[in-house]
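Just so you know, UniProt numbering puts 332 at position 332 of the sequence shown, and the rest follows in order with no gaps.
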Amino acid sequence: MSGRLMEGITDGLLGNSLQNLKSLSLSGNQYLSDALLNRFISSAPYLEEFDLSSCSLQFHLGLVKKFYPAGVDINTNASESVLTFYFVMQFLLERAKHIKRLSFSKTLIDGAALKSLSEVKDLMLESLLVHNCDQLTNAGILSLCQHQIYLRKLDIGLCTRVTDQSLVYICDNLINLEHLNIQRCRAVTDLGLAHLQKLHKLKCLNISQCELITKEGIEKGLCSDINYIIEELDINSLNLDHTAVIMVSEKMPNLRSLNISYCFNAVTDTSIQVIFKNQTSLVTLKLSHCDKVSDAGLTGMGKGQDDDDDDDDGPIMSSYNNDNKHPRIHLGSRAEEEIVRDARRKRDVMNMCEKVTTESYNGYSLARIKGLRELDINGCNRITDGCNQLTDKTIEAIRSHCNKLKILDVQGCRNISADVACSIGTPSTLHTVLISKPGPYISDGLKKKTPPPPFLPRLMQKLRLH
């Protein structure tokens, strides 16, 4: 962005020419200065939303003294060289009654700066985004919670200095909060999470990648009773077991979005079946890299076959044993050994499907979630309709039953034939397909490489090849 943008009378942007502008985003602009910012905000007197995320915003008082010596009018002599938080504060002091939403994500805002911002007279924020701000401290959060009690959305994800103390302040004071993101706040534990039960209006919660959070914290903070309010929950990469996912599924019946990716021990065929049973309103479901999910979990086939077993994965498991090893020693490469092993898996799955009767097919399948629009099963290597990955049958089933699907991610599933890949783009609602380039089709342990047909133009408009 040029430093001379909106300078002079020839641009026609004078006075209150942007008086109807409510939201201004200048995020990611490394060349923004106080002078350029002043031209924007002077032309838009009724701004409500202001975004300076990822800008080179300077907070050091030494720079303020250098560019704004004593006696200098900051409004008429705004610096062309630097963007300072001091200038932003002058703007907030003047427009406090109008500003409702601010974003300083990926900047160097610290506890002192947040404290100054929070204490601005007549400022009543509804949304504050300070995502990935490493300098932010508990002191700043405390001041925010004491003065900005009308906040409805707060994002402090990736703020590594945030601890349980901050979360307690938030839960005790921000009772109107509807959206909260504490992603990868690694110092947050079950003790802080337990206080989330005080936020009775919370609709959207992200507690992903918090290594110290366990099932006990989720149970005390979110699942002590049936929670009809929460609609979006992101718990990816947490250290949970399958009983935690089952508990979430049973205690939060109105979920619209659920992300349980990278919960390696929590997402099993049993927990997936409970999700399919209880979460029929889901619009987004993400299971990326959940290695324990198999065909039986997604389809419900085989439920009841192993009811007498007491293993942790429950009765809803594949009828084939993944751990059986051939007694002979393989002399080929590891890749060749994997091809043979996956061929056996496919054979076992086909045998299981042939034995399924109406009486035995009493599980819950993915088709039960009629309104699903986004499904992420990338990296789920035990979904084995084909060799190691998805193939035509699974894709055809998803296409037939998920009529409202908008986004499909099957990256890494290299055994989808070119014919089916071309037909993926036929549903009118599907607008994004993430798929690997169709490779050799593997059947009975043998590669069958046939020339792929030409891709349909309709698919190419939606497809991103990896």
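For every residue, glycine included, the Cβ atom is placed at its ideal position computed from N, Cα and C.
Verify whether the separation of the beta carbon atoms of residue i and residue j is less than 8 Å.
i: Ile218; j: Leu193; result: yes
i: Ser166; j: Gln209; result: no
i: Gly297; j: Asp342; result: no
i: Ser79; j: Phe67; result: yes
i: Glu232; j: Asn254; result: no
i: Lys121; j: Ala96; result: yes
i: Tyr150; j: Asn173; result: no
i: Asp164; j: Val130; result: no
i: Leu240; j: Asn265; result: yes
i: Cys171; j: Leu199; result: yes
i: Arg382; j: Asp234; result: no
i: Ser33; j: Ser105; result: no
i: Val293; j: Arg373; result: no
i: residue 469; j: Cys204; result: Nothing can be reported for residue 469: it is not among the residues displayed for the chain, which extend from 1 to 466.
i: Arg161; j: Leu123; result: no
Cutting at 6 Å between CB atoms, please list the residues of its own chain near residue i, excluding the five before and the five after it.
i: Thr429; result: Lys404, Lys406
i: Leu21; result: Ala44
i: Asn322; result: Interpretation of Asn322 is limited by its pLDDT of 45, a score under 50 that renders its predicted location unreliable; the figure taken from the coordinates is listed afterwards. Nothing meets the Cβ criterion.
i: Asp308; result: Caution applies to Asp308, whose pLDDT of 41 falls short of 50 and renders its modelled position unreliable; the value that the coordinates give is listed next. Hits under 6 Å: none found.
i: Pro454; result: Its pLDDT being 49, under 50, Pro454 is placed unreliably in this model, and the value from its coordinates should be taken loosely. Contacts found: none.
i: Met247; result: Cys223
i: Leu18; result: Ser43, Ala44
i: Ser271; result: His242, Val245, Ile246
i: Leu108; result: Phe59, Gln135
i: Phe91; result: Ile41
i: Phe276; result: Tyr364, Arg368
i: Asp409; result: Asp376, Asn378, Leu434
i: Lys65; result: none
Per the DSSP calculation, residue i is bridged to which residue(s)?
i: Lys286; result: Asn259, Asp376
i: Thr270; result: In the DSSP output, where bridge partners are listed per residue, Thr270 has none listed.
i: Thr85; result: Contrary to the premise, residue 85 reads as Phe rather than Thr in this sequence. Note: Phe85 sits in no beta bridge, so no partner.
i: Pro153; result: Going by the sequence as given, residue 153 is Lys instead of Pro. Bridge partners of Lys153: Ser127, His179.
i: Glu49; result: Ser23, Arg101
i: Glu232; result: Cys204, Ser257
i: Val162; result: Looking at the DSSP assignment, Val162 forms no beta bridge with any residue, so it has no partner.
i: Ala187; result: Thr163
i: Leu57; result: Leu83
Out of the options, state which residue places its alpha-carbon closest to the alpha-carbon of residue i.
i: Gly379; options: Ala397, Ile424, Leu287; result: Leu287
i: Asp110; options: Val120, Cys159, Glu119; result: Cys159
i: Leu196; options: Glu211, Ala187, Asn227; result: Asn227
i: Val420; options: Lys393, His431, Gly28, Gln146; result: Lys393
i: Leu434; options: Ile383, Ile377, Thr214; result: Ile377
i: Cys402; options: Ile339, Ser281, Val293; result: Ser281
i: Leu52; options: Leu63, Phe85, Ser81; result: Phe85
i: Asn75; options: Gln58, His60, Leu61, Leu93; result: Leu93
i: Ile99; options: Met89, Lys106, Leu108; result: Met89
i: Ser400; options: Gln411, Leu366, Phe87, Asn381; result: Leu366
i: Gly300; options: Ser333, Arg368, Val267, Gly332; result: Arg368
i: Leu202; options: Lys215, Lys153, Ala187, Lys220; result: Lys153
i: Ser257; options: Leu375, Gly62, Val188; result: Leu375
i: His289; options: Val72, Asp295, Cys263; result: Cys263
i: Leu212; options: Lys115, Ala113, Thr189; result: Thr189
i: residue 494; options: Glu337, Arg347, Phe87, Lys370; result: A query on residue 494 cannot be resolved here, the shown segment of the chain reaching from 1 to 466 and no further.
If I measure Cβ to Cβ from residue i and keep anything under 8 Å in the same chain, skipping five residues before and after, which residues do I get?
i: Gln30; result: Cys55, Ser56
i: Gly157; result: His131, Asn132, Asn181, Ile182, Gln183, Arg184, Cys185, Asn206
i: Leu24; result: Phe40, Ile41, Ala44, Leu47, Glu49, Phe50, Asp51
i: Leu125; result: Ile99, Lys100, Arg101, Leu102, Gln148, Tyr150, Leu151
i: Pro427; result: Arg399, Asn403, Leu405
i: Val267; result: His242, Val245, Ile260, Leu287, Cys290, Lys292, Val293
i: Asp313; result: The predicted model places Asp313 with a pLDDT of 44, which falls under 50 and marks its position as unreliable; any figure quoted below should be read in that light. Result list for Asp313: His242, Thr268, Asp269, Thr270, Lys292, in chain order.
Leaving aside the five residues before and after residue i along the sequence, list all residues of the same chain whose C-beta is less than 7 Å from its C-beta, in chain order.
i: Tyr169; result: Ile141, Leu142, Cys145
i: Asn278; result: Ser249, Glu250, Pro253
i: Leu83; result: Leu32, Ser33, Asp34, Leu37, Cys55, Ser56, Leu57, Gln58
i: Asn324; result: Model confidence at Asn324 stands at a pLDDT of 49, short of 50, so the residue's coordinates are unreliable; what they give is reported in the following sentence. Within the same chain, Asn324 has no close Cβ partners at all.
i: Lys115; result: Ala139, Gly140, Ser143
Roughly how far, in whole angstroms, is the beta-carbon of residue i from the beta-carbon of residue j, given that I think they are within contact range, below 8 Å?
i: Ile260; j: Val245; result: 6 Å
i: Ser127; j: Arg101; result: 4 Å
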